[in-house]
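Here the structure comes first, spelled out in structure tokens, and everything after it is commentary.
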Amino acid sequence: MDTFAALAHGMAVAVQPMNLLYALIGVFLGTAVGVLPGIGPALTVALLLPVTYKLDPGGSLIMFAGIYYGGMYGGSTTAILINTPGESASMATALEGNKMAKAGRGGPALATSAIGSFVAGTIATIGLAFLAPWLVDFAVRFGPEDYFALMCVAFVTVSATFGDSPIRGLTSLFIGLTLGLVGIDKLTGQARLAFGVPELLDGVEVTTLAVGLFAVGEALYVASRRHHTEEKLEPVRGSLWMTKEDWKRSWKPWLRGTMFGFPIGALPAGGAEIPTFLSYSCEKRLTKYPEEFGKGAIEGVAGPEAANNASAAGTLVPLLTLGLPTSATAAMMLAGFQQYGLNPGPLLFAERPDLVWGLIASLFIANCMLLVLNLPLVGLWVRLLAIPQPWLYAGILVFATMGTIAAKPSVVELSMLAGFGVLGFLMRRFDFPIAPVVVGLILGPIAESQLRRALAISLGDPMTLLQSPISATLLALALIALLAPFVLKGMGRFKANED
Amino acid sequence: MTTGDPVQPPRRVDRAGIVIAASLAGLAAVLVWDARGLQSTAMYGMGPEAMPVVIASGLALLAIGNFIDAWRGNLPARESADPVPVVLILAGLALLIAIIGFGGGFILATSALFVTTSAAFGRRAVLVDSAIALVMSTLVYLAFDRLLTLSLPAGPLERLL
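Residue numbers (my numbering), protein chains in the order written: chain X, 1 to 499; chain A, 500 to 660.
The following block contains the structure:
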């Protein structure tokens with residue numbers, strides 16, 4: 001019953017007129033920015049962080065919830081209408097959705113993705129509300145060594161286990177960990193990797209890194225290969241509404257997608273790619289219309305979209321209860337919390353329940369607002385998509401630099417932004433994943449301080465990591481997750497040789 | 500323009516990959532060099548110099564892994580890239596940094612970036628774009644500086660408003 005009371009309290013916070021307005025602004029801005037091609041939800045949140053600088057924490061987190069879901073919805077609109085998924089999680093949607101749009105069924109594709117997102121988001125948020133207190137109860141028993149072990153699991157799963165290449169994923173992670181070292185060491189006050197530059201003593205700003213890698217890097221990358229692709233915007237023709245047949249074919253994929261998305265998102269495994277592709281292949285197998293797959297099957301949009309949204313809500317479980325970001329978007333949400341000196345985790349549930357439950361309740365509200373707003377406003381979003389590419393990217397870069405200029409208008413900070421842009425460009429060009437860099441920067445320093453605290457408590461005995469059962473289990477999991485891709489790859493090679 | 504060609508023989512030393520591996524090794528060396536200047540003040544457990552060494556070891560291992568991948572030509576195929584737009588955008592960023600550094604203000608700085616980026620994406624109407632950029636950045640400045648009270652750097656143009 002505690003959850004109901006807390007949720008009811010959160011609802012009371014969220015329905016205050018000002019907070020409703022913040023949620024509405026967030027949903028609107030999130031969709032508007034997320035719909036721009038090449039901008040995924042993580043970048044949407046990063047770009048809109050400065051807008052929330054001057055708000056109180058409650059209001060801005062509520063706006064964040066709106067931006068988060070709005071950015072996700074905007075991303076799928078782009079995927080359906082111009083086949084440029086802003087993030088890999090929308091790739092499955094683009095597969096069938098764009099075919100539907102080409103066949104003049106863009107309206108129903110957008111509708112099934114909107115309603116599916118709503119269904120999945122709502123179920124997953126309920127899941128979050130019930131799972132979170134339970135996990136918090138568990139997490140308060142964590143000692144520093146357990147936290148350290150948990151972060152090792154997150155490091156490995158985010159970078160190595162589910163990527164294309166464990167070596168490239170780990171390389172990205174270690175670049176992030178290196179960046180996390182920059183600045184004054186919190187325990188001894190000594191400067192690391194600052195090279196005598198005073199601006200570096202505060203460390204690398206997460207938003208500078210994220211905006212540099214995502215926005216500037218993406219602009220450079222798209223500009224460098226402009227001669228390869230021509231984007232084509234599919235007009236939305238015919239009815240926006242789904243037929244009875246569409247409904248019949250959509251509702252089961254929505255629910256199945258949610259079942260894939262939420263648990264995988266809630267595990268500290270990160271990424272919505274796995275559940276979306278699982279859902280896609282599952283729908284492909286179960287459908288009564290297999291001949292339509294690859295030509296625009298509505299199940300292929302409904303399932304992955306639901307999985308995508310459910311996993312987005314799922315990643316909030318480790319983020320809110322353990323302070324563990326497992327996707328780039330969650331990392332940006334964490335940066336949003338940190339801008340107010342708030343650290344998500346079991347303590348936040350105890351100290352600021354109004355804030356946490358207000359945020360969870362706002363997720364419900366943002367979801368409803370999206371459903372009501374987006375289908376009628378689809379014409380507006382389509383017009384945003386039609387902005388010519390030169391102006392679009394010029395505008396994106398202006399907004400990207402504006403965030404940094406507003407936060408720290410220094411030559412060093414802006415040079416870092418440009419430098420991270422070049423890094424992001426090179427990483428895209430050479431196919432290194434980007435999210436592990438951001439996760440490494442955020443979690444690296446936390447993992448280090450937890451480890452040092454654990455070792456200080458144990459008087460320097462490293463066996464403390466193995467004596468705590470939680471920590472020992474988690475470290476074993478991390479090791480398995482680290483070795484699994486190498487072992488599986490070796491087995492794959494073995495099999496290939498046998499054939 | 501043959502770098503993106505899919506029929507390229509798969510096993511060939513990838514030079515860019517070798518450079519990446521070398522940079523990682525270099526980064527590891529910088530970490531160790533920097534950590535040598537730190538004093539370990541911790542009575543028990545780890546001092547501030549331990550983690551950089553751990554990360555440097557990881558980077559060194561990854562440098563080897565990347566080197567092997569590059570040596571075997573195992574890197575994913577790349578499409579050809581056009582360097583001109585990249586240089587244009589970077590020039591725009593350099594201009595922006597210079598203008599902010601010399602007190603030219605937000606509007607001029609972001610306008611310069613807007614025009615160069617738009618040129619990088621193939622626009623040739625510099626005058627039209629400059630006008631659009633000035634109007635847009637002025638509106639952005641007013642909205643954020645006045646409405647949201649974020650302090651954006653002011654130059655000659657901002658003082659006229």
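All residues carry an ideal CB built from backbone N, CA and C; glycine is no exception.
Note to self: In this structure, how does DSSP classify isoleucine 588(A) when only helix, strand and coil are distinguished?
What the structure shows: Three-state DSSP puts isoleucine 588(A) in a helix.
Checklist line | Extent of the continuous alpha helix (DSSP H) to which lysine 54(X) belongs | finding: First-last for lysine 54(X): undefined, no H or E at that position.
Next item on the list: Find the residues of chain A that neighbour methionine 463(X), judging by a C-beta separation of less than 9 Å, and give them in chain order.
Entry: Within chain A, no residue comes near methionine 463(X); the closest Cβ sits about 12 Å away, beyond 9 Å.
Check: Once you ignore the five residues that flank arginine 352(X) on each side, which residues in its own chain have a CB closer than 6 Å to its CB?
Finding: Same-chain partners within the cutoff: there are none.
Note to self: Counting only C-beta atoms, is leucine 414(X) closer than 9 Å to chain A at any point?
What the structure shows: Leucine 414(X) counts as touching chain A.
Checklist line | Neighbour-count burial assignment, phenylalanine 142(X), 16 or more Cβ in a 10 Å radius | finding: With 16 or more other Cβ atoms within 10 Å, it is buried.
Check: Alpha carbon to alpha carbon, how far is proline 582(A) from serine 90(X)?
Finding: Near 29 Å, if we compare the C-alpha coordinates of serine 90(X) and proline 582(A).
Next item on the list: Round the Cβ separation of proline 41(X) and glycine 10(X) to the nearest angstrom and send it over; I've been treating them as touching at under 8 Å.
Entry: Wrong, their Cβ atoms sit about 23 Å apart, outside the cutoff.
Next item on the list: Kindly list, in the order they appear in chain X, the residues whose Cβ is closer than 9 Å to that of valine 585(A).
Entry: Neighbours of valine 585(A) in chain X, taken as residues at a C-beta separation under 9 Å, are given in chain order as Leu220, Tyr221, Ala223, Ser224, Val422, Phe425.
Notebook entry, point to check: In whole angstroms, what separates the C-alpha of valine 487(X) from that of proline 166(X)?
Noted result: If you take the alpha carbons of valine 487(X) and proline 166(X), they lie about 11 Å apart.
Margin query: Are the CB atoms of arginine 514(A) and alanine 569(A) within a distance shorter than 9 Å?
Written below: Yes, Cβ-Cβ distance for alanine 569(A) and arginine 514(A) is below 9 Å.
Notebook entry, point to check: Which residues in the same chain as isoleucine 517(A) place their Cβ atom closer than 7 Å to its Cβ, once the five residues preceding and following it in sequence are excluded?
Noted result: Answer for isoleucine 517(A): Phe566, Ala569, listed in chain order.
Notebook entry, point to check: Do arginine 249(X) and glutamate 218(X) come within 9 Å of each other at the CB atom, strictly closer than that value?
Noted result: The answer is no: Cβ separation not under 9 Å.
Next item on the list: Throw me the rounded Cβ distance for the isoleucine 264(X) and serine 224(X) pair, which I believe falls under 8 Å.
Entry: Going by Cβ atoms, the distance from isoleucine 264(X) to serine 224(X) rounds to 34 Å, so no, they are not a contact pair.
Next item on the list: Following the continuous alpha helix (DSSP H) through arginine 452(X), name the residue where it begins and the one where it ends.
Entry: 435-457 is the extent of the alpha helix (DSSP H) around arginine 452(X).
Next item on the list: Taking only the alpha-carbon atoms, compute the straight-line gap between aspartate 504(A) and proline 584(A) and give it to the nearest angstrom.
Entry: No answer about aspartate 504(A) holds up, because its pLDDT of 46 lies below 50 and its placement is not dependable.
Note to self: Taking 8 Å as the cut-off, does the region 203-210 of chain X touch the region 24-41 of chain X (at least 3 CB pairs, one atom from each stretch)?
What the structure shows: Too few Cβ pairs lie closer than 8 Å, so no.
Check: Rounded to a whole number of angstroms, what is the C-alpha to C-alpha distance between serine 468(X) and threonine 77(X)?
Finding: Inter-residue distance for serine 468(X) and threonine 77(X) is about 47 Å (C-alpha atoms, whole angstroms).
Notebook entry, point to check: glycine 183(X) bridges to which residues according to DSSP?
Noted result: Beta bridge pairing from DSSP links glycine 183(X) with Arg192(X).
Checklist line | Residue from Gly358(X), Leu334(X), Ala350(X), Leu255(X) with nearest C-alpha to glutamate 305(X) | finding: Distances from the alpha-carbon of glutamate 305(X) to those of Gly358(X), Leu334(X), Ala350(X), Leu255(X) put Leu255(X) closest.
Next item on the list: Please confirm if isoleucine 631(A) has its CB atom under 9 Å from at least one CB of chain X.
Entry: Yes, isoleucine 631(A) lies at the interface with chain X (some Cβ there is under 9 Å from its Cβ).
Next item on the list: Would you grab the beta carbon distance between valine 216(X) and phenylalanine 420(X) for me? Rounded to a whole angstrom, and I think it's under 8 Å.
Entry: Your pair valine 216(X) and phenylalanine 420(X) checks out as a contact, with CB atoms roughly 7 Å apart and the cut at 8 Å.
Item checked: Residue-chain proximity (glycine 183(X), chain A), Cβ-Cβ < 9 Å -> By this cut-off, glycine 183(X) is not an interface position.
Next item on the list: Would you kindly work out how many angstroms separate the C-alpha atoms of proline 655(A) and aspartate 56(X), rounded to a whole number?
Entry: Cα to Cα, proline 655(A) sits roughly 33 Å from aspartate 56(X).
Notebook entry, point to check: Using the beta-carbon count (16 or more within 10 Å), is phenylalanine 601(A) buried or exposed?
Noted result: Under a 10 Å Cβ-count criterion, phenylalanine 601(A) is classified as exposed, with fewer than 16 other Cβ atoms of the shown protein chains found around its own Cβ.
Notebook entry, point to check: Can you tell me the Cα-Cα spacing of threonine 3(X) and proline 133(X), whole angstroms?
Noted result: Each residue's alpha carbon lies about 7 Å from the other.
Checklist line | Same chain, Cβ closer than 7 Å to glycine 604(A), neighbours up to 5 away in sequence not counted | finding: Correct list, in chain order: Pro652, Ala653, Gly654, Pro655, Leu656, Glu657.
Item checked: Within the region 27-113 of chain X, ranges of the beta strand (DSSP E) (whole runs, at least 3 residues) -> For the region 27-113 of chain X, there is no continuous beta strand (DSSP E) assignment of 3+ residues that stays within its boundaries.
Next item on the list: Kindly indicate if chain X contains any beta-carbon less than 9 Å away from that of glycine 525(A).
Entry: So, not an interface residue.
Item checked: Beta carbon proximity, proline 409(X) to chain A, threshold 9 Å -> At least one C-beta of chain A is nearer than 9 Å to the C-beta of proline 409(X).
Check: Cα separation between alanine 594(A) and threonine 616(A)?
Finding: Correcting the residue type first, residue 594(A) is leucine in the shown sequence and not alanine. About 12 Å.
Margin query: Determine whether the beta carbon atoms of phenylalanine 174(X) and leucine 451(X) lie at a separation below 9 Å.
Written below: Their beta carbons are not under 9 Å apart, which means phenylalanine 174(X) does not touch leucine 451(X) by this criterion.
Notebook entry, point to check: Quick one: Cα of valine 27(X) to Cα of isoleucine 115(X), how far?
Noted result: The alpha-carbon of valine 27(X) is positioned some 15 Å away from that of isoleucine 115(X).
Next item on the list: Less than 8 Å between the CB atoms is what I'm expecting for valine 301(X) and methionine 100(X), so what's the real figure, rounded?
Entry: Taking 8 Å as the upper bound for CB-CB distance, valine 301(X) and methionine 100(X) are in contact here, some 7 Å apart.
Note to self: Counting C-beta neighbours from all protein chains within 10 Å, is the total for glutamate 413(X) 16 or more, i.e. buried, or is it exposed?
What the structure shows: Classified as buried, glutamate 413(X) has 16 or more neighbouring CB atoms from the shown chains inside 10 Å of its CB.
Check: In terms of alpha-carbon separation, which member of Trp532(A), Ala630(A), Leu560(A) lies closest to glutamate 548(A)?
Finding: The option with the nearest alpha carbon to glutamate 548(A) is Trp532(A).
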